[in-house]
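The UniProt record's numbering puts the sequence shown at residues 1 to 276.
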Amino acid sequence: MTLLQALAVAALQGITELFPVSSLGHAVVLPALLGWSLDRQGGSFLPFLVVLHLGTATALLVFFRRDWVALVGALLGFGEPEERAERRRLIGLMVVATLPAVVVGFALEKTFRELFATPVVAAAFLVVNGAVLFGGERLRRRSSHGELSSLTWKGALAIGLWQCTALIPGISRSGATILGGLLAGLHHKASARFSFLIATPIIFAAGVLEVPKLLHQSSAALDATVWLAGAVAAVCAYASTAFLMRYFGERDLDALDPFAWYCMALGAVALGVFLI
Numbered sequence: 001m002t003l004l005q006a007l008a009v010a011a012l013q014g015i016t017e018l019f020p021v022s023s024l025g026h027a028v029v030l031p032a033l034l035g036w037s038l039d040r041q042g043g044s045f046l047p048f049l050v051v052l053h054l055g056t057a058t059a060l061l062v063f064f065r066r067d068w069v070a071l072v073g074a075l076l077g078f079g080e081p082e083e084r085a086e087r088r089r090l091i092g093l094m095v096v097a098t099l100p101a102v103v104v105g106f107a108l109e110k111t112f113r114e115l116f117a118t119p120v121v122a123a124a125f126l127v128v129n130g131a132v133l134f135g136g137e138r139l140r141r142r143s144s145h146g147e148l149s150s151l152t153w154k155g156a157l158a159i160g161l162w163q164c165t166a167l168i169p170g171i172s173r174s175g176a177t178i179l180g181g182l183l184a185g186l187h188h189k190a191s192a193r194f195s196f197l198i199a200t201p202i203i204f205a206a207g208v209l210e211v212p213k214l215l216h217q218s219s220a221a222l223d224a225t226v227w228l229a230g231a232v233a234a235v236c237a238y239a240s241t242a243f244l245m246r247y248f249g250e251r252d253l254d255a256l257d258p259f260a261w262y263c264m265a266l267g268a269v270a271l272g273v274f275l276i
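Here you go:
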């Protein structure tokens, strides 16, 4: 992988991990469209992938630092009783929304990657992702514009089940969880906030769980290019989060439509290229 390719993949990771357009789908489809040959089994790719995930998660942690400080403080007994209770409830909702993806991911992620991580299949599921986002916006309860405090335990579990679909390349994790929040009665900004909060530990875990494998890698694999790519991913992820939170705060009607059309267009074009 050249320096330019590494930085492009890092920027792609930082942007598409948060935008509801599927980072995994883009990671499979775009290199194939551009004719890039990325050695995913090479000795330097695992450290590269780990640093990208840690960079993205760090950006989320920094952006939502006040939320995380408040949540940890509530666990430690700080704050007014009513605030502590509300924050502890939010932590519980986050756990409920995270567990399904953790369980299904450990059991089936490798199988899903082997079955679906091909350019044609990923492109097809990009189209599906767009169609689901578009249809979901029309199924949501338009009279419901609930804040995060109105989210029920059943709603959190539903969001968690939606998140499981993102194990398929082409289906967006953030898109699935934001849509799950909308269908549970939240407005777009509240759905996005919850989506990004539960994403932080998941993305961190995706990187940290690979760290033991790095013990078998040469220290030379963690070269300057890897760290530079991690920084690029972090900056892009932070900028993407800031943009999306502002965007969803300003637009609460059919806000997922632009991303839906983009996914359907990219997927359709990619399918045409791959199949013709």
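Yeah, the Cβ is synthetic: ideal placement off N, Cα and C, and Gly gets one too.
DSSP places Phe-78 in no alpha helix (DSSP H); its state is neither H nor E.
Taking 8 Å as the cut-off, the Cβ atoms of Gly-136 and Phe-259 do not count as close.
As computed with DSSP, Gly-146 is found in a beta bridge with Leu-186. Of all C-beta pairs linking the segment 204-211 to the segment 52-60, three or more are shorter than 8 Å, placing the two stretches in contact. The residue among Glu-82, Pro-169, Arg-140, Leu-71 with its C-alpha nearest the C-alpha of Glu-114 is Pro-169. In the DSSP assignment, Ser-23 falls within the unbroken alpha helix (DSSP H) covering 23-34. Residue state for Glu-17 is assigned as coil, using DSSP reduced to three classes. Here Ser-22 is buried, its C-beta having at least 16 other C-beta atoms within 10 Å.
For Thr-56, same chain residues with a beta-carbon under 7 Å away, outside a window of 5 residues either side, are Gln-13, Gly-14, Glu-17, Ile-203, Ala-233, Ala-234, Ala-237 in chain order.
CA-CA distance, Val-120 to Val-127, rounds to 11 Å. Here the C-alpha atom of Gly-155 lies approximately 13 Å from the C-alpha atom of Ser-195.
In the structure shown, Ile-198 adopts helical secondary structure according to DSSP, grouped into three states. With fewer than 16 other Cβ atoms from the protein chains shown falling within 10 Å of its own Cβ, Leu-139 counts as exposed.
For Gly-130, the three-state secondary structure derived from DSSP is helix. Contact between Thr-225 and Ala-6 holds: CB atoms are separated by about 5 Å, below the 8 Å threshold. Per DSSP, Phe-243 is one residue of the alpha helix (DSSP H) stretching across 224-250.
Burial state of Arg-173 is buried, judged by a 10 Å Cβ sphere holding 16 or more other Cβ atoms. Here Val-96 really is in contact with Gly-160; their C-beta atoms are around 6 Å apart, less than 8 Å. A direct Cα-to-Cα measurement between Arg-87 and Arg-193 gives close to 14 Å. In the structure shown, the three-state DSSP call for Met-94 is helix.
When the five nearest sequence neighbours on each side are left out, the beta carbons in the same chain lying within less than 6 Å of the beta carbon of Glu-109 are those of Leu-167, in order along the chain.
Separation of Val-102 and Phe-125 (C-alpha to C-alpha, rounded to the nearest whole angstrom) is 22 Å. Bounds of any alpha helix (DSSP H) do not take in Asp-254, whose DSSP letter is neither H nor E. Beyond the five residues adjoining it in sequence on each side, Gly-105 comes within less than 7 Å, by CB distance, of Leu-167 in the same chain, given in chain order. Comparing alpha carbon positions, the residue from Leu-90, Gly-249, Glu-82, Pro-81 closest to Asp-67 is Leu-90.
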